[in-house]
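Read left to right, the sequence shown gives residues 3 to 395 (the UniProt record's numbering).
C-beta: ideal position from N, C-alpha, C; glycine also.
Note that the structure is predicted; figures quoted are calculated from it, not measured.
Report on the following structure.
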Amino acid sequence: LRTLRDLEVEGKRVLTRVDYNVPLQDGRVADDTRIRATLPTIAALRERGARLILCSHLGRPKGQVREDLRLAPVADRLSALLDMDVRYVRDITGDEARTMASQLGPGEVGLLENLRFDPREEQNDPEFARELASLAECYVNDAFGAAHRAHASTAGVAALLPSAAGLLMEREIHALTRVLEADEHPFVLILGGAKISDKIGVIENLSRRADALLLGGGMANTFLKALGYEVGCSLAEEDRLDEARRLLSLAEQRGIEVVLPSDAVVAPELGAVEQARTVPIDGVGPDDAIFDIGPDTVARFSKVIGDAALVVWNGPMGVFEIPAFREGTRGIAQAVAACPGFTVVGGGDSAAAVEELGLADRIDHVSTGGGATLEFLEGKELPGVRLLMEENG
Ligand code: 3PG
């Protein structure tokens with residue numbers, strides 16, 4: 003991997019791709035984790051006198067300009083975090099952007115408009131990549147969260163300029179490669195979230211190395227149902243029952259201990275929190291829906307996690323946004339934080355949960371990627387990473 007140490011940036015204009023695809027609320031950044039995660043790279047480049055031209059996508063505007071997806075709130079938050087004026091332009095590769103880029107002094111920071119306002123970004127259009135490249139003299143990719151997309155700003159431009167991974171990209175690849183390659187046991191894989199369809203590739207790939215697989219969240223319902231348990235009106239993927247059985251027998255063949263919930267917090271529906279109650283897993287009634295794992299499950303999972311040398315966790319254990327269904331995720335987050343082994347939390351919702359619980363500092367690596375982290379753990383080569391690995395980028 004080519005890193006910042008391999009790139010001559012002194013005094014140069016550096017096009018820096020970041021993943022500032024952050025949640026907005028009332029025109030403000032609601033969670034700035036991804037912005038803060040890029041500060042080390044920005045600081046390192048500024049210290050070396052680089053002139054930074056930051057660029058990112060935000061949301062999925064599908065090639066159209068959308069007022070609600072402009073990067074202005076991101077520029078405001080970044081200016082506050084850096085305690086300096088970030089020069090934001092409402093332009094990507096036009097006159098305004100070129101003028102901004104040419105006027106930046108050493109250590110100054112500019113931000114282009116949402117890359118996906120131009121349809122050519124997602125098409126990885128060579129002309130658009132050339133226009134982006136012409137703004138700068140070298141390129142740094144710190145957008146791990148977008149590295150699974152082969153777009154102009156993540157892939158196309160890397161071939162046109164001397165390029166390197168930023169510090170966040172480097173840290174992500176380092177931690178997740180440790181998961182893929184390391185021989186640390188017991189290796190405990192904890193998966194939650196709504197659907198098994200998102201996690202099949204990860205189970206298939208990581209079950210080669212894992213010793214235990216702990217299953218919670220909505221996806222556990224599909225496994226429970228496949229095993230013949232009553233899951234009432236819980237979310238379960240009817241069309242994935244065979245897949246769930248196949249994954250269970252794959253785990254068995256590979257000698258992995260699979261731990262499913264032994265109790266659950268149920269309610270007639272998500273809004274009926276006053277009727278929420280904890281039941282043993284064989285006590286779920288036809289009118290119940292499972293919204294969280296129960297305390298017995300938290301205790302059993304925590305015991306396995308406590309003995310682990312390596313933990314990877316992706317996906318919440320219940321409907322974390324609702325306090326009545328939060329305890330399962332909180333309990334697992336606490337167990338992971340307390341685990342003395344190497345701990346990795348990956349992917350949007352579980353990463354947001356550990357942040358919100360104030361436990362992120364006690365996790366060895368909280369990944370900023372969602373889909374990118376999953377694809378990396380599936381063993382896929384990410385287009386945004388591949389080009390940074392090649393000899394002459
Ligand atoms: C993410 O949030 O996972 C990345 O920013 C990629 O966004 P996308 O799924 O819209 O490409």
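Do you know whose CA, among the options, lies nearest residue i's CA?
i	options	result
M86	G112, L6 and F225	G112
L389	H150, R38, A222 and E139	H150
A253	D289, V204, P297 and C341	V204
V275	G320, P288, L237 and F327	F327
E245	I292, K227, L215 and E271	K227
S81	A45, V347, L216 and A138	A45
L182	L384, E380, G372 and P385	E380
I94	P108, L73, A184 and L106	L73
residue 408	E115, R36 and E139	Any answer about residue 408 is impossible in this case: the structure gives the chain only from 3 up to 395.
N207	A135, E10 and F378	F378
W315	T40, G195, F119 and P121	G195
E186	A353, T18 and T345	T345
G372	D309, E10, T35 and R30	T35
Are there any heavy atoms of the ligand 3PG lying less than 6 Å away from the beta-carbon of residue i, as far as the coordinates show?
i	result
R62	yes
G147	yes
R38	no
N116	no
G195	no
N23	yes
residue 1	Look at the range of the chain in this structure, 3 to 395, and you will see that residue 1 is not part of it.
R151	yes
G373	yes
Let me confirm a value: residue i is counted as buried when at least 16 other C-beta atoms fall within 10 Å, else exposed. Which label applies?
i	result
D70	exposed
K201	buried
D294	buried
E392	exposed
T299	buried
G230	exposed
R7	exposed
G158	buried
S104	exposed
R62	exposed
V67	exposed
H176	exposed
P288	exposed
A374	buried
R247	exposed
P263	buried
L376	buried
L3	exposed
E172	buried
T179	exposed
Identify the continuous alpha helix (DSSP H) that holds residue i and give its terminal residues.
i	result
A45	L41 to E49
E129	P128 to A135
G386	P385 to M391
A374	G373 to L379
G330	E329 to A340
E123	P121 to E124
Would you kindly report the start and end of the unbroken beta strand (DSSP E) that includes residue i?
i	result
P282	R279 to P282
T345	F344 to G348
F293	A291 to I295
E259	E259 to V261
A145	No beta strand (DSSP E) holds A145; DSSP gives it neither H nor E.
V111	V111 to L113
N316	L312 to N316
D265	D265 to A269
S369	Premise fails: S369 is in no beta strand (DSSP E) and is neither H nor E.
A167	S165 to A167
Answer with yes or no whether the minimum CB distance from residue i to chain C is below 7 Å.
i	result
G360	Although the question refers to chain C, the structure presented lacks it and comprises just one protein chain.
Could I get the ranges of all uninterrupted alpha helix (DSSP H) runs contained in the segment 171 to 244, with 4 residues as the minimum, in chain order? 202 to 208 and 219 to 228
Complete alpha helix (DSSP H) runs within the segment 20 to 98 (minimum length 4 residues, chain order): 35 to 38, 41 to 49 and 74 to 84
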